[in-house]
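With the first letter of the sequence shown counted as 1, position 298 gets the number 843 in my numbering; the numbers rise by one all the way through. Ideal Cβ placement from N, Cα and C applies to all residues, glycine included.
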Amino acid sequence: MKRILIVDDEENVRYSFKKFFKASGYEISEAVNGLDAISAINRHQPDLVLMDIEMPGLNGIEAIQRIKQSHPDLPVVIITAFGTTERVIAAMKYGAFEYLEKPFDVERLRAVVAEALEMKRLSREDKRLEIHPAEMNEEQIIGNSSAIKEVFKMIGRVAASDVSVLLSGESGTGKELIARAIHRFSDRSKTPFVAINCAALPDTLLESELFGFEKGSFTNATQSKEGKFEVAHNGTLFLDEVADMSLSLQAKLLRVIQDGTFERLGSNKTIKVNVRFISATNKNLENAITDKSFREDLYYRLKVVTITLPPLRVRLEDIPLLTNYFLSRQCMLMKKPLVTVPPETLEALMKHHWPGNVRELENLLKRALLLSKGNVISPDLVKSEIVETAAVDHTEPKAFVQAYLPAELGNYEGELYHHVIDQVEKELITVALSFTRGNQLKTSRLLGISRAMLNDRMAKYGLGSPGK
Ligand SMILES: Nc1ncnc2c1ncn2[C@@H]1O[C@H](COP(=O)(O)OP(=O)(O)OP(=O)(O)O)[C@@H](O)[C@H]1O
Ligand SMILES: [Mg+2]
546 MKRILIVDDE
556 ENVRYSFKKF
566 FKASGYEISE
576 AVNGLDAISA
586 INRHQPDLVL
596 MDIEMPGLNG
606 IEAIQRIKQS
616 HPDLPVVIIT
626 AFGTTERVIA
636 AMKYGAFEYL
646 EKPFDVERLR
656 AVVAEALEMK
666 RLSREDKRLE
676 IHPAEMNEEQ
686 IIGNSSAIKE
696 VFKMIGRVAA
706 SDVSVLLSGE
716 SGTGKELIAR
726 AIHRFSDRSK
736 TPFVAINCAA
746 LPDTLLESEL
756 FGFEKGSFTN
766 ATQSKEGKFE
776 VAHNGTLFLD
786 EVADMSLSLQ
796 AKLLRVIQDG
806 TFERLGSNKT
816 IKVNVRFISA
826 TNKNLENAIT
836 DKSFREDLYY
846 RLKVVTITLP
856 PLRVRLEDIP
866 LLTNYFLSRQ
876 CMLMKKPLVT
886 VPPETLEALM
896 KHHWPGNVRE
906 LENLLKRALL
916 LSKGNVISPD
926 LVKSEIVETA
936 AVDHTEPKAF
946 VQAYLPAELG
956 NYEGELYHHV
966 IDQVEKELIT
976 VALSFTRGNQ
986 LKTSRLLGIS
996 RAMLNDRMAK
1006 YGLGSPGK
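Right under this line is the structure:
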């Protein structure tokens, strides 16, 4: 029989709860204030606590903090007549399972109690995933599958040399993480690792970022500046989303890779650097070569060694490890007690297709942790999150816009809006065209713009051949 502890200073309140729950087959014990509750918990080992807030001695908010310290898995449901904002927030923050305000529907109370007891049951399963404190180090690469172990081996093989490495893999598979690991395990580990995202910057800005510039070389170049090639001298330069680089920049990059020399914009002084190149893409570069948007000679320079990162769905056996890692790290960051994950939850996670790979899993677990009740990540919570995340990834547009906000933006004063909007427009038209398989009439209808405008934009962004 499940035991409920009722904590309230008013006897008639305790009496009516007692009557109600006894009739439903629960065993009841009582306490008259917070301190009394703590000793009653030790004596009676209840499965659930129903507690008032306003009580003499130790009040409900203080009591819940103490209870959660000694019994983190014991669900505490707060029932009160006074639901001020501060109290509701405080109670939830300290780990209340639910906060019910009087008057409430008894069926609601019954449902909350049943739900809390179910959480407690889930958290007790022998086979649950015990979350253990993970190393806080953000650079850890987690995985035990044979697919990810092949990646570890490759990191070891290429680390000692200076060969250019191309990392390919779907979005969120860990390309940047692996790039950093290659650098860390290389002889260059004490020198800079410099990353640049070729898709996040418009062409001219990317060029000045990479090559640097001399004072006066363009409007707003009020000071000379080192480019990333120089900053990465003796270290590693990570070219992220390299497929998005324009053809003219690709030609310039090729020269730097071949002989390590270049000039800053507005200068004819040749600079020589020693840089190890790692690049990444989630596009198929061979297709890009076929449709002439990527130079073949550059491709061979970049991919002396290619490491292909496996999508999460082919290494589902890593999900428990990754789940443990992300949840424990997040609990520590949020200073929350560690949670438990019942086997049903892991099963639900392992059924998902994970189009957004490890990043999708990480974000889903962060949200699930915030919404979790009673220190348990329940299967229902994960299931509802999976449906939502499959539809849209809200993080991408934000990340995209934020990529435009480095200090250098002073150089783009008066043009920033158009730079950003152009990038979005290009992406939108690309997606619409691929949806209609290149049918321009359908594309213009889909977008709700004229064919003339569509043609104009396609020409502007170099998308296919307008008018076809
Ligand atoms: N094996 C792993 N172990 C731990 N964390 C991982 C692992 N793989 C990826 N991550 C985490 O997942 C997130 C996405 O990884 P990362 O940014 O490296 O992916 P990406 O392949 O560069 O994605 P995109 O193509 O979208 O840029 C990061 O927070 C990263 O730390
Ligand atoms: Mg990346």
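Cα-Cα separation between residue i and residue j, rounded to whole angstroms
| i | j | result |
| --- | --- | --- |
| Gln-985 | Cys-743 | 28 Å |
| Asp-554 | Val-903 | 50 Å |
| Pro-865 | Leu-674 | 7 Å |
| Lys-808 | Arg-1002 | Position check: residue 808 holds Glu in this sequence, whereas Lys was assumed. Distance between the alpha carbons of Glu-808 and Arg-1002 is about 33 Å. |
| Ala-977 | Ser-713 | 25 Å |
| Lys-1013 | Lys-1005 | Confidence is the limiting factor: at Lys-1013 the pLDDT is only 47, short of 50, which leaves the residue's position unreliable and the question unanswerable from this model. |
| Thr-764 | Gly-811 | 12 Å |
| Tyr-962 | Val-969 | 11 Å |
| Ser-748 | Met-699 | Note on identity: in this sequence residue 748 is Asp, with Ser being the wrong assignment. Computed Cα separation, rounded: 32 Å. |
| Met-1026 | Leu-883 | Residue 1026 falls outside the range modelled here, since the chain spans only 546 to 1013, and no answer is possible. |
| Gly-772 | Ala-740 | 12 Å |
| Arg-666 | Ser-923 | 11 Å |
| Arg-846 | Ser-615 | 60 Å |
| Glu-1070 | Glu-663 | Here the chain comprises residues numbered 546 to 1013, so residue 1070 is not present and cannot be evaluated. |
| Lys-563 | Thr-630 | 28 Å |
| Leu-915 | Arg-548 | 28 Å |
| Ala-825 | Glu-721 | 8 Å |
| Leu-750 | Phe-839 | 19 Å |
Where residue i sits in the DSSP three-state scheme
| i | result |
| --- | --- |
| Ala-1023 | Outside the displayed range of the chain (546 to 1013) lies residue 1023, so it cannot be described from this structure. |
| Leu-645 | strand |
| Phe-730 | coil |
| Thr-826 | strand |
| Lys-1026 | Residue 1026 is absent from the model: the chain starts at 546 and stops at 1013. |
| Asp-967 | helix |
| Asp-785 | strand |
| Phe-565 | helix |
| Phe-807 | strand |
| Met-596 | strand |
| Thr-868 | helix |
| Lys-918 | strand |
| Val-884 | coil |
| Lys-814 | coil |
| Glu-660 | helix |
| Asn-779 | coil |
| Leu-891 | helix |
| Ile-687 | coil |
| Ser-762 | coil |
Closer than 7 Å: residue i CB and nearest ligand 2 heavy atom
| i | result |
| --- | --- |
| Asp-789 | no |
| Glu-721 | yes |
| Ala-825 | yes |
| Asp-785 | yes |
heavy atom of ligand 1 below 7 Å from residue i C-beta
| i | result |
| --- | --- |
| Ile-693 | yes |
| Gly-757 | no |
| Arg-904 | yes |
| Gln-685 | yes |
| Ser-716 | yes |
| Gly-701 | no |
| Tyr-870 | yes |
| Leu-867 | yes |
| Glu-907 | yes |
| Gly-688 | yes |
Residues of its chain near residue i, where Cβ-Cβ distance is below 6 Å and the 5 sequence neighbours each way are ignored
| i | result |
| --- | --- |
| Leu-843 | Gln-795 and Leu-799 |
| Ala-635 | Ile-606 |
| Lys-971 | Tyr-1006 |
Contact set for residue i: own chain, Cβ-Cβ below 8 Å, skip 5 residues either direction
| i | result |
| --- | --- |
| Ile-816 | Phe-774, Glu-775, Thr-806, Phe-807, Glu-808 and Arg-809 |
| Met-546 | Gly-570, Tyr-571 and Glu-572 |
| Asp-863 | Ile-687, Gly-688, Asn-689, Ser-690, Ile-693 and Leu-857 |
| Thr-934 | Below a pLDDT of 50, predicted positions are generally treated as unreliable, and Thr-934, at 45, falls in that range; the measurement from the model is reported next regardless. Hits under 8 Å: Gly-901, Glu-905, Asn-908 and Leu-909. |
| Leu-992 | Leu-973, Ile-974, Ala-977 and Leu-999 |
| Leu-872 | Ile-676, Leu-883, Val-884, Val-886, Leu-910, Leu-914 and Ile-922 |
Neighbourhood of residue i by C-beta distance below 7 Å, restricted to the same chain and skipping five residues each side
| i | result |
| --- | --- |
| Glu-715 | Asn-827, Pro-856 and Asn-902 |
| Ala-913 | Ile-922, Leu-926, Val-927 and Glu-930 |
| Lys-814 | Glu-808 |
Beta carbon proximity, residue i to chain C, threshold 8 Å
| i | result |
| --- | --- |
| Met-664 | Here chain C cannot be found, since the structure has a single protein chain. |
- Query: Does the pairing of the region 576–583 with the region 606–613 give three or more beta-carbon distances under 8 Å?
  - Reply: yes
- Query: Should the region 869–887 be called in touch with the region 722–737, which here means at least 3 C-beta pairs below 8 Å?
  - Reply: no
- Are there three or more Cβ pairs, one per stretch, closer than 8 Å when the region 891–907 is compared with the region 855–862? yes
- Please determine if the region 792–800 and the region 685–692 are in contact, where contact requires at least 3 C-beta pairs separated by less than 8 Å. no
- Report yes or no: do the region 619–632 and the region 582–597 share at least 3 C-beta pairs separated by less than 8 Å? yes
- Message: Does the contact criterion of 3 or more C-beta pairs under 8 Å hold for the region 774–785 versus the region 753–763?
- Response: yes
- Message: Does the region 636–645 come into contact with the region 916–934, if we say contact requires no fewer than three beta-carbon pairs (one atom in each stretch) closer than 8 Å?
- Response: yes
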